[in-house]
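Here is the structure we will look at.
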Amino acid sequence: MKKTFKIAALSLLAGITLASCSDNEDPKKYVVPVQKEMIVLNQGNYYGGVEGTLDRLELGNTANNFWEGTLTSSVFKAANGQSLGDSPQNGVMCGSKLYVSVYASNLVWVLNPSTKKIIASVSTTEPEWVTTDGKNIYVANNNGFVTRIDTATYAKDSIKVGPNPACLVVANKHLYASISDGYNSANGYANGKKVAKIDLQTFKKTKDIPVGINPGRMDVDNAGNVFVVCMGNYGTIAPEVQRISKSDKVDKVAAGNHIVCLRNLLYVFDSQTNWSTGEVKTKVKIFNGSTLKEDSNNHFEEREMAPAPTGLFTDLNEKYVIVTSDPDGKGFNKPGFVYIYSSEGSFLKKLNVGIHPYSVIFPISYVTMVI
Amino acid sequence: MGNKFPFRLRLLALAFLPFVLTAQSRKDRHLSSAEVLGVRADASVASAAPVQKLDTASIRRMGVTSTADALRRFAGVNLRDYGGAGGLKTVSVRGLGAQHTAVVYDGVTVSNAQQGQIDLGRFSLDRLAGVELHTADEGSLLVPVRQLGAATVVLRSWQPNAQNRGMHGAVALRHGSFGVWNPSVLLSQNWNGCTGVNVSADYYHGNNAYPFTVKNGVATHREKRLNSQMNDWTLEANVHHLLQRGQLSGKVFYVTNHRYLPGPVTLYVSGNNEHLTEQNAFAQLKWEQQYGRWNFFGAGKADWRESKYLDIAGRYPGGRLDQRYKQNEIYASAGASYTWQALTAAVATDWFRNDLTSNLKVDNDVWRTSWLTSMTLRYAPRRFELTGRLVSSIFRNHATAGTEAAKNASQLSPSLSASWKLLSDQRAHLFVRAHYKEYFRVPTFTENYYYHLGNTHLKPERTQQLGAGVTFAGMPSARWQVQLTADGYANRVWDKISSIPYNLFVWRTVNLGKVRAAGMDVALQSTWTLRNGQQLIGNGTYTYQRVTDRTDKKSEDYGKQLAYTPLHSGAVSMAWENPWVNAVVSLTAAAKRWATNEHTVTTSVPAYADVNIGLYRTFRFRSFQLEARADLTNLFNYQYEVIRRYPMPGRAYRFSALLRW
Chain A
1 MKKTFKIAAL
11 SLLAGITLAS
21 CSDNEDPKKY
31 VVPVQKEMIV
41 LNQGNYYGGV
51 EGTLDRLELG
61 NTANNFWEGT
71 LTSSVFKAAN
81 GQSLGDSPQN
91 GVMCGSKLYV
101 SVYASNLVWV
111 LNPSTKKIIA
121 SVSTTEPEWV
131 TTDGKNIYVA
141 NNNGFVTRID
151 TATYAKDSIK
161 VGPNPACLVV
171 ANKHLYASIS
181 DGYNSANGYA
191 NGKKVAKIDL
201 QTFKKTKDIP
211 VGINPGRMDV
221 DNAGNVFVVC
231 MGNYGTIAPE
241 VQRISKSDKV
251 DKVAAGNHIV
261 CLRNLLYVFD
271 SQTNWSTGEV
281 KTKVKIFNGS
291 TLKEDSNNHF
301 EEREMAPAPT
311 GLFTDLNEKY
321 VIVTSDPDGK
331 GFNKPGFVYI
341 YSSEGSFLKK
351 LNVGIHPYSV
361 IFPISYVTMV
371 I
Chain B
1 MGNKFPFRLR
11 LLALAFLPFV
21 LTAQSRKDRH
31 LSSAEVLGVR
41 ADASVASAAP
51 VQKLDTASIR
61 RMGVTSTADA
71 LRRFAGVNLR
81 DYGGAGGLKT
91 VSVRGLGAQH
101 TAVVYDGVTV
111 SNAQQGQIDL
121 GRFSLDRLAG
131 VELHTADEGS
141 LLVPVRQLGA
151 ATVVLRSWQP
161 NAQNRGMHGA
171 VALRHGSFGV
181 WNPSVLLSQN
191 WNGCTGVNVS
201 ADYYHGNNAY
211 PFTVKNGVAT
221 HREKRLNSQM
231 NDWTLEANVH
241 HLLQRGQLSG
251 KVFYVTNHRY
261 LPGPVTLYVS
271 GNNEHLTEQN
281 AFAQLKWEQQ
291 YGRWNFFGAG
301 KADWRESKYL
311 DIAGRYPGGR
321 LDQRYKQNEI
331 YASAGASYTW
341 QALTAAVATD
351 WFRNDLTSNL
361 KVDNDVWRTS
371 WLTSMTLRYA
381 PRRFELTGRL
391 VSSIFRNHAT
401 AGTEAAKNAS
411 QLSPSLSASW
421 KLLSDQRAHL
431 FVRAHYKEYF
441 RVPTFTENYY
451 YHLGNTHLKP
461 ERTQQLGAGV
471 TFAGMPSARW
481 QVQLTADGYA
491 NRVWDKISSI
501 PYNLFVWRTV
511 NLGKVRAAGM
521 DVALQSTWTL
531 RNGQQLIGNG
541 TYTYQRVTDR
551 TDKKSEDYGK
561 QLAYTPLHSG
571 AVSMAWENPW
581 VNAVVSLTAA
591 AKRWATNEHT
601 VTTSVPAYAD
611 VNIGLYRTFR
621 FRSFQLEARA
631 DLTNLFNYQY
641 EVIRRYPMPG
651 RAYRFSALLR
661 W
């Protein structure tokens with residue numbers, strides 16, 4: 001979605017620049033994409049019967065007050081008078097609608113991004129992740145399929161991609177789906193260890209790219225490199241981040257279990273849980289996505305680190321590193337946090353959110369500017 | 001009342017009612033109630049450790065409809081009920097956790113080394129002659145050591161009466177809401193006045209698709225608990241042989257149960273494809289003998305258990321998850337006691353071997369040998385009783401090559417209990433008692449070995465119990481009998497075995513956790529004898545349990561009430577027995593609970609109260625006896641959950657009929 005936002009913003013910037021070159025013309029009105037809010041998806045605790053929720057943080061319009069807005073809990077329930085569902089995963093905006101995948105409830109909500117009111121719901125099997133290429137919505141279904149949803153009619157078609165796809169990204173005119181085979185752990189995730197590459201034009205799988213064991217979350221840098229976290233086997237094989245280049249060459253990057261890309265930089269969080277105490281220690285490394293050289297401008301400090309990260313994200317302008325986190329590594333039963341850092345790692349803000357925050361969304365809002 | 005047979009009047013026999021039956025005599029009713037009160041007084045008044053008992057008469061008079069329902073009428077019990085006939089039902093006592101509750105069936109412990117807790121829903125109330133709860137310590141000196149859990153549920157089936165000659169039998173049918181049909185038959189034969197045998201068969205079928213409400217704001221709607229069907233066959237044979245100053249009893253038992261698992265209620269989704277098939281067969285033998293001042297016992301058991309879990313869903317390789325487990329247990333126990341004046345010494349020892357195999361690459365081919373020994377000394381002059389006990393436990397874990405065996409363990413567990421008879425005459429008894437006990441549980445095979453959950457380095461989870469109580473039993477007037485027990489306690493659990501999630505599918509199990517429990521159990525029973533053979537029998541229990549997390553002072557959970565543990569709970573019942581149709585009304589209730597240790601609006605589980613009413617009557621004709629009963633459970637159709645997302649059934653009827661001869 002941040003790519004969609006970038007395209008919209010660049011087009012607009014070009015338009016404004018050209019307009020400003022013209023002399024003696026009256027001020028003109030422009031519709032500008034901005035980010036006015038951050039939505040936090042809290043998964044809740046399915047085993048404890050705690051439903052998922054959406055929290056909303058109003059964003060400021062200057063760098064100084066950007067994270068100082070009002071935080072409102074459970075905005076979906078407040079807007080619709082009913083629950084979001086069980087185990088929401090992530091959300092994405094396409095056109096004027098917001099799409100939220102809800103794993104255990106077998107659906108994708110279509111929401112009005114401003115009011116959070118339900119426009120429609122699209123049933124789909126165990127949606128693990130949802131993304132967009134700006135035209136359609138793509139859903140990774142845990143039963144081995146990727147579903148394409150038409151954003152106007154909500155018509156669906158699916159292709160088989162491999163067992164337990166975990167995450168989707170769009171890059172290089174393709175859709176990438178990480179195939180975890182996560183329910184086959186007893187057999188060493190034998191049918192996973194790959195990222196399926198799907199042609200967006202034909203919606204057909206073109207190839208499987210072999211990667212490490214149990215691939216999960218992915219992100220893309222501005223050079224089109226796709227990064228994937230291979231989660232290992234939660235035992236003898238540790239989590240590792242790998243890069244898939246535009247030519248589908250795979251390189252190992254570093255140990256780590258959470259990633260996010262900000263422009264040309266890759267941020268890798270390596271969180272280790274002490275199972276005797278439930279405490280989590282996290283180390284952060286920053287890499288140049290193209291050269292894979294470690295960036296020394298890294299100010300992340302352990303004392304200000306999120307206590308038990310569950311995901312890494314960035315805003316639409318790719319200026320901040322946003323970490324969703326549980327309060328500790330002992331369970332999913334307490335309200336979590338969102339930690340916000342500058343791109344260099346300076347701690348900026350800690351937000352108290354719902355139980356087990358899992359991802360964030362920045363809906364694109366459009367404002368009219370007069371220049 | 002002296003009922004010999006386990007089965008209630010069933011529906012088919014009702015057809016004979018108008019023709020053959022006469023009302024039970026007034027004398028019979030009067031005798032039965034007096035006998036019941038006497039049993040209650042014997043059991044719980046004199047014990048140095050709290051004992052609560054329900055026999056068939058009590059079960060009938062309290063409107064109890066299932067084994068789980070019987071247990072939740074006891075003080076100090078916290079029942080976890082996943083709803084419906086097929087839903088898992090376990091009990092924890094005084095905040096110690098369900099895996100600390102030992103379950104004893106006819107003198108021998110029932111075990112499940114894989115899961116560590118026994119599903120009490122699998123024991124049909126109709127097969128039981130009595131249910132007991134022994135809290136804190138075992139009152140009897142000479143018992144198998146494994147029976148000495150932190151708390152013990154004792155289930156007694158109907159035993160053949162070796163002195164009642166000839167062939168006897170019973171046929172029964174029970175029918176209830178949600179497609180429940182439950183026929184059963186029992187035959188009993190006795191020889192020589194000293195040997196009795198009975199065999200019984202019991203079949204249960206239920207659709208269990210009861211309606212419930214999904215509360216979801218404007219999307220609130222009614223649904224049915226689909227995928228809940230259950231079929232169950234139970235076959236059982238008992239032999240009882242009287243020896244000179246001793247007895248020999250044996251049992252062969254087989255149950256096969258297939259049920260669909262409806263799973264938790266998931267928002268916007270209905271339907272589930274989980275199945276569970278379980279089989280259990282065991283044979284056990286127990287011998288008890290007295291020689292002068294000596295008492296001896298010996299017991300043995302061979303137990304085989306198989307479970308097949310099947311989940312059909314596209315997320316699994318091949319579209320299905322098929323897990324098959326087999327467990328075996330060989331168990332032997334022996335003990336002796338010697339009494340000299342006011343002093344009794346007892347020693348008992350248990351040896352058992354549990355193994356587990358499965359169709360999985362992991363969690364397979366593991367076994368454990370256990371050796372437990374108890375030494376007990378009791379000093380009991382006329383009004384005072386002091387009992388000290390020391391239990392030694394040694395556990396050795398083994399695994400086939402390639403699998404790391406779990407850590408071995410050994411424990412010494414002391415306990416001390418005392419009771420003092422302050423008052424004892426024909427009209428009143430007053431006892432005070434106190435106890436201290438340390439005990440533990442070893443990790444289950446699942447906690448040790450299950451893939452992505454188990455930890456072979458776990459230590460036993462330990463408990464410490466301290467309590468005191470008082471019991472009064474008396475007859476304030478010739479027509480009024482009353483018994484009151486009240487106990488307070490303070491318990492601790494440490495090295496608590498807890499599972500920590502890495503994500504939804506990967507967990508680690510560790511000894512991480514401390515729990516402190518403080519509470520009070522109160523039980524009151526009262527019988528008023530009215531004119532014309534009428535009686536009012538009231539029962540009430542109240543439980544206060546403050547069970548809090550004490551793991552980490554820095555944690556927000558510190559000091560908070562544990563999940564699914566109500567601060568207040570209780571039950572009351574009132575039965576009116578009369579020459580016409582007996583009636584009972586009962587209520588069980590629990591205060592607000594939380595689904596997790598986090599106390600918020602989203603984790604709160606509302607309080608509930610469940611009201612049942614029942615009508616029953618026994619008729620006699622020549623050598624036949626017919627018992628008929630009709631119940632309405634959850635009279636006000638209150639929608640509630642004991643475990644969040646597992647709704648309990650609403651209003652339901654139940655008819656039962658038992659014809660015996």
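Chains A and B, in that order, are what the protein sequence lines are. Following full-length UniProt numbering, the numbering of the first sequence begins with 1 at its first residue and continues without gaps. Following full-length UniProt numbering, the numbering of the second sequence begins with 1 at its first residue and continues without gaps. Glycine is no exception: its CB is placed at the ideal position from the N, C-alpha and C atoms. Given the structure is predicted, the values throughout are model-derived calculations rather than measurements.
Counting only beta-carbon separations shorter than 8 Å, does residue 269(A) have a partner in chain B?
Residue mapping note: residue 269(A) aligns to position 269 of the first sequence, counting from 1. No - not a single Cβ of chain B is within 8 Å of the one on residue 269(A).
In chain order, what residues of the same chain lie with their CB nearer than 8 Å to the CB of residue 141(A), ignoring the 5 residues before and after it?
One-based indexing of the first sequence puts residue 141(A) at position 141. Counting only residues of its own chain and dropping the five nearest sequence neighbours on each side, residue 141(A) has a CB closer than 8 Å to the CB of 124, 125, 126, 127, 128, 147, 158 and 165.
I'd like to confirm the pairing. Which residues does DSSP put opposite residue 145(A) in its beta bridges?
Along the first sequence, read from residue 1 onward, the residue named residue 145(A) stands at position 145. Bridge partners of residue 145(A): 141(A) and 160(A).
Is residue 82(B) helix, strand or coil when you go by DSSP?
Position 82 of the second sequence, counted from the first residue, corresponds to residue 82(B). For residue 82(B), the secondary structure class from DSSP, reduced to helix, strand or coil, is coil.
Whole-angstrom Cβ separation of residue 134(A) and residue 221(A), contact assumed at under 8 Å?
Within the first sequence, residue 134(A) is the residue found at index 134, counting from 1. Within the first sequence, residue 221(A) is the residue found at index 221, counting from 1. Contact between residue 134(A) and residue 221(A) fails: their C-beta atoms lie close to 19 Å from each other, not under 8 Å.
Contacting residues, own chain, Cβ-Cβ under 6 Å from residue 386(B) (five flanking each side not counted)
Counting from one through the second sequence, the residue named residue 386(B) turns up at place 386. Excluding residues within five positions, the ones whose Cβ falls inside 6 Å are 379 and 418.
Using the beta-carbon of each residue, which ones in chain A are nearer than 7 Å to residue 314(B)?
Counting from one through the second sequence, the residue named residue 314(B) turns up at place 314. For residue 314(B), the chain A residues whose C-beta falls within less than 7 Å of its own C-beta are 125, 143 and 144, listed in chain order.
For residue 291(B), count neighbouring Cβ atoms within 10 angstroms of its own Cβ and tell me buried if that reaches 16, exposed if not.
On the second sequence, position 291 is the one that residue 291(B) refers to. Burial call: exposed.
How many angstroms separate the CA atom of residue 273(A) from the CA atom of residue 257(A)?
As a first step, residue 273(A) is located in the first sequence; it is residue number 273 there, counting from the start. As a first step, residue 257(A) is located in the first sequence; it is residue number 257 there, counting from the start. In this structure, the alpha-carbon of residue 273(A) lies about 12 Å from that of residue 257(A).
Would residue 43(A) be called buried (16 or more neighbouring beta carbons within 10 Å of its own) or exposed?
For the purposes of this step, residue 43(A) is taken as the residue at position 43 of the first sequence. Burial call: buried.
Determine the chain A residues that contact residue 500(B) at a beta-carbon separation under 7 Å, and present them in chain order.
Residue 500(B) sits at position 500 when you count from the first residue of the second sequence. Neighbours of residue 500(B) on chain A, chain order: 275, 278, 329, 330 and 331.
Where the beta strand (DSSP E) containing residue 328(B) begins and where it ends:
Here residue 328(B) corresponds to residue number 328 of the second sequence, with the count starting at 1. The continuous beta strand (DSSP E) containing residue 328(B) extends over residues 320-340.
Per-residue contacts from residue 51(A) into chain B (C-beta, under 9 Å)
Looking up residue 51(A) in the first sequence gives position 51. Here the neighbours are 216, 267 and 602.
With a cut-off of 8 Å, does the C-beta of residue 14(A) fall near any C-beta of chain B?
Taking the first sequence and counting its residues from 1, the one referred to as residue 14(A) is at position 14. With a pLDDT of 44 at residue 14(A), under the threshold of 50, the modelled position of that residue is not reliable, and the figure given next carries that caveat. For residue 14(A), the nearest beta carbon of chain B is not closer than 8 Å to its own beta carbon.
DSSP beta-bridge partners of residue 166(B)
Counting from one through the second sequence, the residue named residue 166(B) turns up at place 166. In the DSSP output, where bridge partners are listed per residue, residue 166(B) has 190(B).
Where do the ends of the beta strand (DSSP E) carrying residue 379(A) lie?
This structure cannot speak to residue 379(A), because chain A is shown only from 1 to 371.
Using the C-alpha atoms, what's the distance from residue 106(B) back to residue 420(B)?
In the second sequence, the residue the question calls residue 420(B) occupies position 420. In the second sequence, the residue the question calls residue 106(B) occupies position 106. Computed Cα separation, rounded: 30 Å.
Just to make sure I have the definition right: I need the residues of chain A whose C-beta is within less than 7 Å of the C-beta of residue 493(B). Which are they?
Stepping through the second sequence from its first residue, residue 493(B) is reached at position 493. Going along chain A, no residue has its Cβ under 7 Å from residue 493(B), so there is no contact; the nearest lies around 17 Å.
Output needed in chain order: residues of the segment 233-265 of chain A with a Cβ under 7 Å from some Cβ in chain B.
Taking 7 Å as the Cβ-Cβ cut-off against chain B, the residues of the segment 233-265 of chain A that qualify are 234.
State yes or no: is the beta carbon of residue 596(B) nearer than 8 Å to at least one beta carbon in chain A?
As a first step, residue 596(B) must be located in the second sequence, where it is residue number 596. Answer yes: the Cβ-Cβ gap between residue 596(B) and chain A drops below 8 Å somewhere.
Residue burial classification, residue 369(A) (beta-carbon count within 10 angstroms, cutoff 16)
What you label residue 369(A) is simply residue 369 of the first sequence in a count that begins at 1. Exposed is the call here.
Bridge partners - residue 326(A), DSSP secondary structure assignment
Within the first sequence, numbered from 1, the residue matching residue 326(A) stands at position 326. Per the DSSP secondary-structure output, residue 326(A) pairs in a beta bridge with 308(A).
Do residue 83(B) and residue 566(B) have their C-beta atoms within less than 8 Å of each other?
Here the question's residue 83(B) lines up with position 83 in the second sequence. Here the question's residue 566(B) lines up with position 566 in the second sequence. No, these two residues do not count as a Cβ contact at 8 Å.
Proximity test, Cβ basis, 8 Å: residue 452(B) and chain A
Indexing the second sequence from 1 puts residue 452(B) at position 452. By this cut-off, residue 452(B) is an interface position.
Please state whether the Cβ-Cβ distance between residue 592(B) and residue 606(B) is less than 8 Å.
Along the second sequence, read from residue 1 onward, the residue named residue 592(B) stands at position 592. Along the second sequence, read from residue 1 onward, the residue named residue 606(B) stands at position 606. Contact: yes.
Inside the UniProt domain "TonB-dependent receptor plug" (47-136) of chain B only - beta strand (DSSP E) runs reaching at least 3 residues:
Qualifying beta strand (DSSP E) stretches, in chain order: 51-55, 77-81, 89-93, 101-105, 108-110 and 128-135.
Would you call the CB atoms of residue 51(A) and residue 73(A) closer than 8 Å?
Against the first sequence, residue 51(A) aligns to sequence position 51. Against the first sequence, residue 73(A) aligns to sequence position 73. In this structure, residue 73(A) does not lie closer than 8 Å to residue 51(A) by Cβ.
Please state the DSSP three-state secondary structure of residue 381(B).
Position 381 of the second sequence, counted from the first residue, corresponds to residue 381(B). The answer is coil: DSSP assigns residue 381(B) none of H, G, I, E or B.
Could you please give me the residues that DSSP links to residue 107(A) through a beta bridge?
Along the first sequence, read from residue 1 onward, the residue named residue 107(A) stands at position 107. BP columns for residue 107(A) point to 102(A) and 123(A).
By a C-beta neighbour count over all protein chains shown, 10 Å radius and 16 as the cutoff for buried, is residue 37(B) buried or exposed?
For the purposes of this step, residue 37(B) is taken as the residue at position 37 of the second sequence. At residue 37(B), the pLDDT of 35 sits below 50, so the modelled position is not reliable and the matter cannot be decided from this model.
Residues near residue 588(B) by beta carbon distance below 6 Å, same chain, minus five either side:
If you number the second sequence from 1, residue 588(B) lands on position 588. Only 72, 571 and 610 meet the Cβ criterion.
Can you look up residue 283(B) in the DSSP assignment and give me helix, strand or coil?
Position 283 of the second sequence holds residue 283(B). Three-state DSSP puts residue 283(B) in a strand.
For the segment 191-210 of chain B and the segment 238-248 of chain B, state whether three or more C-beta atom pairs, one from each stretch, are separated by less than 8 Å.
Yes: at least three Cβ pairs fall under 8 Å.
Any 3 or more C-beta pairs closer than 8 Å across the segment 55-70 of chain B and the segment 118-134 of chain B:
Because the criterion of three Cβ pairs below 8 Å is met, the segment 55-70 of chain B and the segment 118-134 of chain B touch.
Closer than 8 Å, Cβ to Cβ, to anything on chain B: give me those residues from the segment 170-186 of chain A, in chain order.
The residues in question are 181, 182, 183, 184, 185 and 186.
Could you check whether the Cβ of residue 334(A) sits closer than 8 Å to any Cβ belonging to chain B?
By one-based count along the first sequence, residue 334(A) stands at place 334. With 8 Å as the cut-off, residue 334(A) counts as an interface residue toward chain B.
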